[in-house]
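With UniProt numbering, the residue at position 545 of the sequence shown is 545, and numbering never jumps.
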Amino acid sequence: MNLAKILDSTPEPAIIDSSNFKIDHQYSVSGDYKLLTPLTDFQKELFDQIVSLHYSDILKFYERYMKNENNDIQDQLIIDSLKTLLDNSLLVSNHPYLLIDHFFPKNLTSKDMYKTIAETSGKFGVLHDILNIIEKLYCENVTDNNGTTTNGNKKEKQNVNNNAGNGFTRKEDKDKILLAENFNLVIVSSSGKCMDLIESLLLGHKCNIKRYSGDRVITSNKSKKQADQAQQAYQLTVHLLPSLEVELNKEMYNQELLNNDKRVIDLFIVFDISVSTMDNFISVLLNGNNNNNLPKKPQILRLVPSNTIEHIALYFRKNFNDKRDVAYLKPVTAAIVCMRDSIGVIPSELKSVYSTNLKYLVEWFKHLAPQSLIDNDKMNKNFKKIEESGLFPWPLPDLRPIKSFTPNDVEKSLLTEVKFNFNNNDDNVLQLPNHHIVKKRKWLSYYQLKRINNDYVSNPVKSSNQSLMTGIHRTSKQQNYLDNVLTHKLIQNFNMYLLEFNGINKELETFDYIHDIRIEDIKESKESKYKINKDLNDLKEKLNKIDNDNNLKQEKIENFKNFFKKLETEVEELIIKLNSLNENGNDSNKNLIKYTQNQLKLIKLKEDYELELVKLQNKEQENKYMSQELTNALKSIDEFDKEINKLELENYQLNDKVKNLNQFQEIETEKNSAEFLKNKQFKLNEIKNLENLNEDLLRILEINLQKLSLIPTAQRLKMNGVNTNIITGNRPRQGQPSR
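Right, dumping it as C-alpha cells:
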C-alpha cells in the first residue's frame with residue numbers, strides 16, 4: 001500500500017540543487033572521479049599540531065628559497081623535515097590512529113569496532129557509507145510484498161526502518177529486483193596498519209574479504225573458517241590491494257584476479273594518493289573487463305579529504321615529476337600551512353550529500369555492475385542518462401583549484417592561531433568509547449550568546465523600532481543613562497570603553513618598552529660614533545705629522561740640490577782657472593797643477609783600492625768554499641774508486657759464475673726443468689742489474705771528474721796572472737809591491 005500516493009503528499013525535495021555548481025561533461029564520463037571527504041575535529045587539531053611542530057623548518061625553507069642560499073647539508077635536512085610533514089599529514093588525513101600508536105586498537109575484531117573507526121575518521125566514514133549503499137543495492141533482495149528478503153541461503157524478516165539510514169524507503173524496496181549475481185569491489189591502499197583498519201571496517205559489513213598483502217586481522221584458524229563459511233553467502237566481494245607491487249601476494253593475485261576469467265571488477269576505490277593507477281598490476285585489472293567482452297572498464301573513485309595534503313598534491317602533482325623538488329615543495333607546503341583553517345570543510349552546496357549518507361549517489365551506484373538494479377514499472381527510465389560511452393555520468397563536480405600562496409602568506413599564517421568552527425550536529429555524533437579522542441563541543445544557548453554581544457541592539461538592521469526601545473535599548477541619540485539608575489546599557493558601554501582603554505594601555509606599554517630599547521640603541525650608536533670620531537682624529541694627526549716630515553725632507557732635498565749645483569759651478573770655475581794657468585803659468589803653477597792632479601788620482605786610487613779589497617774578500621770566501629769542495633770531491637773519488645774496485649771484483653766473480661753456469665749448461669743440456677730455468681733467469685737478471693749499476697757509477701764518476709777539471713788550481717791562477725798569496729791567505733808586507 002502506497003500511503004504517500006493515497007494521502008497525495010508533496011514529493012520529496014531534491015537533496016541538492018545541481019544548478020549551484022557546474023559539472024564538466026568530459027569529467028563526468030571520464031571514469032576517474034574524486035569524492036571529497038570531511039575530517040573529524042580530532043584530525044583537524046592533529047593537523048594543526050603537525051604544522052606547529054615544523055614551524056621553524058618551514059620558515060627556514062622559505063627564507064633560504066627567497067635568498068637563493070645553497071648549502072647541500074642544510075637544504076637536505078630541511079627537505080627531509082618537510083617530507084616528514086607531508087607524510088604525517090597524509091597519515092592523519094587517512095586516520096589519526098595511524099600517527100598515534102598508543103591510540104591504535106589492540107583488538108580490531110571486537111564488536112562495534114568498525115563504528116569507532118568510521119566515526120574517528122572522515123574518510124573511513126565516507127567509505128562506510130559507500131559500503132552500506134553497495135550492500136543494500138547488491139546484497140539484499142526484496143522479492144515479495146510481505147517484506148520477506150532472501151539473502152544468500154537464508155530468509156529473514158526485514159524491518160522497513162533499517163533502510164532509512166541508507167536512503168531507501170519501503171516503496172523503493174518493494175519494486176526492486178536484483179539482476180547482478182556478484183559485485184566485486186577493489187580497494188587499493190597502503191599496506192600495514194591502514195589496510196588493517198580497512199579490513200576491520202569491512203568486518204562490520206556483509207562482504208567477502210580478499211586481502212593480497214600482509215596477514216589477516218582474524219588470527220585464529222577457527223575464526224578464519226567461520227568467517228570463510230559466512231562469507232561464501234555474500235554477493236559483495238572486496239579485494240584489498242597494496243599500493244606497491246613489492247608488497248603484493250602475487251600467487252593469490254594471479255589466482256583470484258588475473259587468471260580468473262569469471263571475475264569482473266565493478267569499482268576501484270583509490271584510498272589515498274600513495275596509489276598510482278599507472279602501475280602494471282593495477283592497470284592490468286583496469287583493462288581486464290575488455291578481455292571478458294564487457295562494454296566498459298571499471299570506474300575509479302578516489303577518496304580525497306577536502307583541502308588536505310591529498311587535495312593539494314593532486315592539484316600540483318601533474319606539473320612536477322619529482323616529489324622532492326623544491327619547486328614542488330614550495331606551493332604544496334604553502335597551501336598546507338595557509339589552508340589549515342579550512343581543512344575538511346565541505347562546500348556548502350554539497351553538505352546535504354554527506355548529511356544524508358551519500359543518498360544522492362545511489363543512482364550512480366546502481367549502474368556500476370553489468371546487470372544493475374532496475375525498476376519493474378520504469379525499466380528504461382534510468383538508462384536515458386547513460387551516455388554513448390556506456391558510463392552513467394558522475395553527479396558531483398571536480399575538485400576545486402588550489403590557490404597559490406606566497407612566502408609572506410605562509411609567515412602571516414604561522415603567526416596566527418587557527419580556530420576551528422565546530423558546527424556539526426551533536427545528534428548525529430555517536431558517543432564513542434574512546435572519550436579522550438573526540439573532543440566534546442560546548443553549545444551556548446541563544447540568551448548566553450546575545451546577553452553580552454547584544455546583537456539585537458547594536459545591529460542597526462535588527463533594531464528598526466528605535467522609538468519603542470527604553471532603558472537598556474536606548475539609542476545613541478537619546479540619553480544613555482538615567483539619574484540614579486545603573487542600566488545594562490551603561491554597564492555594556494563602560495565595559496567596551498574599559499576594554500578599549502586596556503588595549504590602549506597595553507599599546508602604550510609596548511611603546512614604552514620599545515622606547516627603552518631604542519634609547520639603549522641610541523646610546524650604543526653614540527658611543528660607537530664617538531669611537532669612530534676619535535679614531536678619525538688620531539688618523540688625521542698622524543697624517544699631519546707625516547705631511548710635515550715630508551715637507552722637511554723636501555726642503556732638505558732642495559738644499560742638497562742647491563749645494564751640489566754650487567759645487568759644480570765652483571769645480572767648473574776651478575777647471576777654467578787651471579786651464580788658464582796652464583796656458584799662462586810658470587813652474588810653480590805647473591807644480592801646483594800636478595799636485596792637484598795627483599791628489600785627484602790618489603782619491604780615485606783609494607776608491608779603486610777599496611773596491612779591490614772587497615773583491616779579494618769575496619775571492620777568499622770562494623777559494624775556501626772551492627777548497628772544501630775539492631777535498632770533498634777527492635774523498636768521493638776515493639770512495640768511488642773503492643766501490644769500482646769492489647764492483648770489478650764482483651764483476652770478475654760473476655763472470656766466473658757465468659762461465660761455470662755456461663759450462664754447467666753445456667753439461668746439463670738435457671735437464672731443462674722449470675726450477676733450473678727459473679734460477680738461471682734470476683741469476684741473469686742479477687748480472688744485468690749489476691752491469692747497469694756499474695754503468696751508472698762510471699757515468700757518475702765521469703761527471704765528477706769533469707767537475708773537478710773545472711776547479712782552478714794555483715798553477716793555473718799563476719799562469720793567468722792571479723796573486724796566489726790571496727788564495728793561500730798571505731797578504732803582501734808594507735812597502736812590498738803586489739804582483
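Ideal Cβ positions, reconstructed from N, Cα and C, are used throughout, including at glycine.
What number of angstroms, rounded off, separates the C-alpha of residue i from the C-alpha of residue j?
i, j, result
"Q235", "I50", "42 Å"
"N408", "R518", "27 Å"
"residue 744", "E349", "Here the chain comprises residues numbered 1 to 739, so residue 744 is not present and cannot be evaluated."
"T169", "M252", "With a pLDDT of only 40 at T169, under the threshold of 50, the placement of this residue in the model should not be trusted; the figure read from the coordinates follows. Distance between the alpha carbons of T169 and M252 is about 40 Å."
"E648", "K619", "41 Å"
"E256", "F405", "47 Å"
"K366", "I134", "8 Å"
"N280", "K297", "16 Å"
"F494", "N502", "12 Å"
"D48", "K83", "16 Å"
"R302", "F511", "54 Å"
"D547", "Q554", "10 Å"
"I58", "L86", "12 Å"
"I644", "L613", "45 Å"
"N598", "N551", "42 Å"
"I16", "R317", "31 Å"
"K680", "K642", "29 Å"
"K683", "N662", "12 Å"
"T109", "H25", "43 Å"
"M496", "E507", "17 Å"
"L490", "L53", "46 Å"
"L600", "K615", "23 Å"
"E541", "K534", "11 Å"
"D196", "L185", "17 Å"
"S580", "L574", "10 Å"
"K594", "E607", "20 Å"
"E245", "D266", "21 Å"
"S56", "P105", "33 Å"
"I514", "D521", "10 Å"
"F564", "Q617", "34 Å"
Does the separation of the CB atoms of residue i and residue j fall below 8 Å?
i, j, result
"S306", "L36", "yes"
"T116", "P96", "no"
"F640", "L693", "no"
"G344", "Q43", "yes"
"L701", "N651", "no"
"V188", "F268", "yes"
"L127", "L46", "no"
"I79", "L414", "no"
"S191", "E247", "yes"
"K34", "V217", "no"
"I402", "A335", "yes"
"N94", "D215", "no"
"I130", "P397", "no"
"residue 750", "L708", "It is not possible to answer for residue 750, since the shown part of the chain is limited to 1 through 739."
"I300", "D32", "yes"
"V410", "V337", "yes"
Excluding the 5 residues flanking residue i on each side, which residues of the same chain have their C-beta closer than 8 Å to its C-beta?
i, result
"C139", "N151, F183, K206, C207, Y234, Q235 and L236"
"N704", "A633, S636, I637 and F640"
"V332", "L86, I309, I312, A313 and F316"
Would you list the one or two residues that DSSP bridges to residue i?
i, result
"Q299", "L267"
"R211", "L240"
"Y33", "L301"
"S189", "P242"
"F183", "L236"
Taking 7 Å as the limit between beta carbons, can you name the residues of its chain near residue i, skipping five residues before and five after?
i, result
"W364", "F392, W394 and P395"
"N20", "E349"
"R340", "F47, D48, V51 and V418"
"P38", "G122, S306, G344, I346 and Y354"
"S28", "P393 and W394"
If you pair each beta-carbon of the region 232-242 with each one of the region 201-210, do three or more pairs fall below 8 Å? Output reads yes: the region 201-210 touches the region 232-242.
Below 8 Å, how does it come out for the region 196-203 and the region 98-115: are there three or more Cβ pairs, yes or no? When C-beta atoms of the region 196-203 are compared with those of the region 98-115, three or more pairs fall below 8 Å, so the two segments count as touching.
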